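So the number in the numbering used here is just where the residue sits in the sequence shown, counting from 1, plus 223. The C-beta atom is built at its ideal place from N, Cα and C for all residues, glycine as well. Bear in mind that the values here come from a model prediction, so they are computed numbers and not experimental data. Read through the structure below, which is laid out as structure tokens, and then see the notes.
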Amino acid sequence: IVDAPIDLKAEYPEPDTGPDQPEDPYLRPAPEDSYFDLETVVTGRPLDIQRRIIAGEVTPNIGRLFGSKWEVEESGSAIGTFSTSPWFSAGAPFLYGGALAWMAEAAMSSAVYNTLEPGEVFATLDMNVRFTRPVMINSGPLQSIGRVQHTGRRLRVASAELLNAEGKRVAMATSSALVVPGGVRELM
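Printed below as a string of structure tokens:
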């Protein structure tokens, strides 16, 4: 029912029906350039694979979601820089603790990963996070520094420190990981 006059002979522009893809990234198809082929993962040296990611050859999907940037200078360490976007808030003017925990885990896992030999995989066994101060949204970049503290034959123990834009510690974390020699080959 229309109670306004309409010119049936007039040409109207096509209505804007919104974006072609869903607004939420997780509902979109994953980009094909977001991971390495299996041969690279099986035979590649993890530290070299990380350096290729940093060089922009591949952007893992989780990096697209979090907007993370990475530095890896040596085996057993990794530094990630993250946004303090309101997207990481649970409705308050500060970042959600689970997002901070993920940022710590990402740095620790990256540090553990680059200690592995080609074809090895690992699984995080546990993680403990201590939050020391809130991180306000839009407060500048957050840095997560991960280091391997113990390298055993099958066990790695790592730590992470999260620093705000002022260089103040906002969280610290530890984790342990089980290394599976030849693990990628076992999955094939």
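Next on the checklist: For residue 297, tell me which candidate among 369, 345, 389 has the shortest Cα-Cα distance.
Outcome noted: Comparing Cα-Cα distances from residue 297 to each of 369, 345, 389, the minimum goes to 369.
Checklist entry - Out of 362, 332, 326, which has the shortest C-alpha to C-alpha gap to residue 394? => result It is 326 whose Cα lies nearest to the Cα of residue 394.
Checklist entry - Does the pairing of the segment 367-387 with the segment 295-312 give three or more beta-carbon distances under 8 Å? => result By the Cβ test, the segment 367-387 is in contact with the segment 295-312, since at least three Cβ pairs between them sit closer than 8 Å.
Item to check | Burial state of residue 361 (16 or more Cβ within 10 Å) | outcome: By the neighbour-count criterion, in which a residue is buried when 16 or more other Cβ atoms sit within 10 angstroms of its Cβ, residue 361 is exposed.
Item to check | Euclidean distance between Cα positions of residue 305 and residue 228 | outcome: A direct Cα-to-Cα measurement between residue 305 and residue 228 gives close to 54 Å.
Next on the checklist: According to DSSP, simplified to helix, strand and coil, what is residue 370?
Outcome noted: Note: residue 370 maps to strand in three-state DSSP.
Next on the checklist: Here's the rule: buried if 16 or more other CB atoms are within 10 angstroms of the residue's CB, otherwise exposed. What is residue 235?
Outcome noted: It is exposed - the Cβ of residue 235 has fewer than 16 other Cβ atoms within 10 Å.
Checklist entry - What are the boundary residues of the beta strand (DSSP E) that residue 380 is part of? => result Unbroken beta strand (DSSP E) run through residue 380: 378-386.
Next on the checklist: Less than 8 Å between the beta carbons of residue 399 and residue 378, yes or no?
Outcome noted: Taking 8 Å as the Cβ cut-off, residue 399 and residue 378 qualify as a contacting pair.
Checklist entry - When you compare only the Cα positions, how much space is there between residue 252 and residue 344? => result Going by the C-alpha atoms only, they are around 26 Å apart.
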